[in-house]
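With this note's numbering applied, the sequence shown covers 3 to 323. We put the CB at the ideal spot given by N, CA and C, even for glycine. Values in this document were obtained by computation on a predicted structure and should not be read as measured data. Some notes on the structure that comes next.
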Amino acid sequence: MMTGTIRHDWTLAQAREIHDRNLSDLIYEAQGVHRQNHPPGEVQLCSLLSIKTGACPEDCAYCPQSAHYDVGLENEALLPVDEVVAAAKAAKEAGASRFCMGAAWREVRDGEDFDSVLDMVRGVSDLGMESCVTLGMVTAEQAQRLKKAGLKAYNHNLDTSREFYSEIITTRTYDERLDTLANVRRAGIDVCCGGIIGMGETIEDRCAMLVELANLPQHPQSVPINALVAVKGTPLGDQAPVEPLDFVRMIATARIMMPASVVRLSAGRRGMSEEAQMLCFLAGANSIFLGEKLLTTANPEVAGDHAMMEQAGIKPLVPAG
Ligand code: SAM
Ligand code: DTB
Ligand code: SF4
């Protein structure tokens, strides 16, 4: 099998074979594929902001923002546009080149709030940053409006395998997720789509999710790999933390299967040593979230992240155009 080629015909057996290799072979190949497709030693710094927090009608078992669970989170209506753009500016000054805005919505509804989100996208793009939003399901028309406002990427995760999905979310289907991804792709917006490990799924489920992603009509330009942040009060609040090497294997397999995509070491870094994070970079991760907060949960400190990158000689990846 040629490595480093863009393929859309991956089988579960092939993904599993890669995932289960001995660590040395796995990382060696992932690093080779990485170097063929990306500048080595560069990691994109992204910043996240929850623009509308909590009270979400969906029942995603991992999520502190679902109205179905009581985690003691303060709900918040949509933030004002100027506050969001000011946060993006501050994130840029701290070194981020991409600003991602998340809303705890099941789907986008046309009206005042969506108009404000379009203004936020314009404001972030005007700062010269990549803009990304995650707003739940979108129609084809809404995706086109986001594109017109200058949106770079839309985040919408498959989260897990088709088989395991119904154990985690019952209020919407896997196919609805895929429909939104198609609307985003057809509008010419970059697709940011990945998932979460550590929710009780099997290795087979993890590999099946990567097969779903890699066999989409186009590889998502961006693939976030999250480790579950277990939040007390959610059904997954007592899950054991992910083994760092499981994270490394998942990233390496994603890198090999989707060579040109930006693979993002996303939620879950707080529980990891810096050495484990370095292994993730070696395995092909080339993005992290910078900033003390993800959407509602904690992330490592900014100064510590800068120190970690300096120690490893990692430079911020600044995407061209
Ligand atoms: N409501 C929109 C949606 O679900 O599409 C957007 C916001 S939602 C919080 C974005 C993503 O965050 C989810 O798809 C999930 O992958 C991730 N996420 C949420 N809670 C998490 C947790 N506790 N640990 C890890 N990832 C989480
Ligand atoms: C993604 O895959 N991870 C980010 C982003 N997309 C929106 C969100 C992580 C959220 C972690 C839990 C929280 O802070 O609420
Ligand atoms: Fe709502 Fe998104 Fe959280 Fe699911 S992941 S409960 S859709 S905010």
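Practice problem: Please write down, chain order preserved, every residue whose beta carbon lies under 5 Å from a heavy atom of the ligand SF4. | Solution: C58, E60, C62, C65, Q67, S68, A106
Quiz item: What do you get for L267, buried or exposed, if any count of 16 or more other CB atoms within 10 angstroms of its CB means buried?
Solution: Within the sequence shown, numbered from 1, the residue matching residue 267 stands at position 265. Counting Cβ neighbours within 10 Å, L267 comes out buried, since at least 16 surround it.
Quiz item: Since V73 and P82 are thought to touch, with beta carbons under 8 Å apart, how far apart are those beta carbons, to the nearest angstrom?
Solution: Residue 73 sits at position 71 when you count from the first residue of the sequence shown. Residue 82 sits at position 80 when you count from the first residue of the sequence shown. With a Cβ gap of about 25 Å, V73 and P82 do not count as contacting.
Exercise. Run the CB neighbour count on I8, radius 10 Å, all protein chains shown included, and call it buried at 16 or more, exposed below.
Key: Stepping through the sequence shown from its first residue, residue 8 is reached at position 6. Label assigned to I8: exposed.
Quiz item: Nearest to R257 by CA position, among I171, S289, E114, is which residue?
Solution: On the sequence shown, residue 257 is found 255 positions in, with the first residue counted as 1. The candidate whose alpha carbon is nearest that of R257 is S289.
Practice problem: Using the Cα positions of D112 and Q144, report the straight-line distance between them to the nearest angstrom. | Solution: Looking up residue 112 in the sequence shown gives position 110. Looking up residue 144 in the sequence shown gives position 142. When rounded, the distance between both Cα atoms is 8 Å.
Self-check item: Chain-order list of residues whose beta-carbon lies under 6 Å from that of V244 (same chain, five-residue window excluded)
Solution: Here the question's residue 244 lines up with position 242 in the sequence shown. For V244, where only same-chain residues beyond five positions count, the Cβ hits under 6 Å are I199, G200, A229.
Quiz item: Alpha carbon to alpha carbon, what distance is there between S52 and V110?
Solution: Here residue 110 is taken as the residue at index 108 of the sequence shown, counted from 1. Here residue 52 is taken as the residue at index 50 of the sequence shown, counted from 1. If you take the alpha carbons of V110 and S52, they lie about 15 Å apart.
Quiz item: What is the rounded straight-line gap between the Cα of N39 and the Cα of N77?
Solution: Looking up residue 39 in the sequence shown gives position 37. Looking up residue 77 in the sequence shown gives position 75. About 42 Å.
Quiz item: Cβ of A305 within 7 Å of any heavy atom in the ligand DTB?
Solution: For the purposes of this step, residue 305 is identified with residue 303 of the sequence shown, where counting begins at 1. Incorrect: A305 has no Cβ contact closer than 7 Å to the ligand DTB.
Self-check item: Reference T162; option with closest CA among E203, A17, T298
Solution: Taking the first residue of the sequence shown as 1, we reach residue 162 at position 160. Closest option to T162, Cα to Cα, is E203.
Exercise. Could you tell me how far apart the beta carbons of D307 and L284 are, in whole angstroms, since I believe they sit closer than 8 Å?
Key: By 1-based counting over the sequence shown, the position of residue 307 is 305. By 1-based counting over the sequence shown, the position of residue 284 is 282. Actually they do not touch by this definition, with Cβ atoms about 17 Å apart.
Quiz item: Near V140, which residues of its chain fall below 6 Å by C-beta distance, leaving aside the five closest residues on each side in sequence?
Solution: Translated into positions along the sequence shown, residue 140 becomes position 138. For V140, where only same-chain residues beyond five positions count, the Cβ hits under 6 Å are V110, T182, N185.
Quiz item: Going along the chain, which residues of its own chain have a beta-carbon closer than 8 Å to the beta-carbon of P217, five neighbours each way excluded?
Solution: Here residue 217 refers to the residue found at position 215 when the sequence shown is read from its first residue. The identity of residue 217 in the sequence shown is Asn, whereas the question assumes Pro. Within the same chain, N217 has close Cβ partners H10, D11, W12.
Self-check item: Cβ-based neighbour list, D121, same chain, cut-off 6 Å, excluding 5 preceding and 5 following
Solution: On the sequence shown, residue 121 is found 119 positions in, with the first residue counted as 1. Hits under 6 Å: V83.
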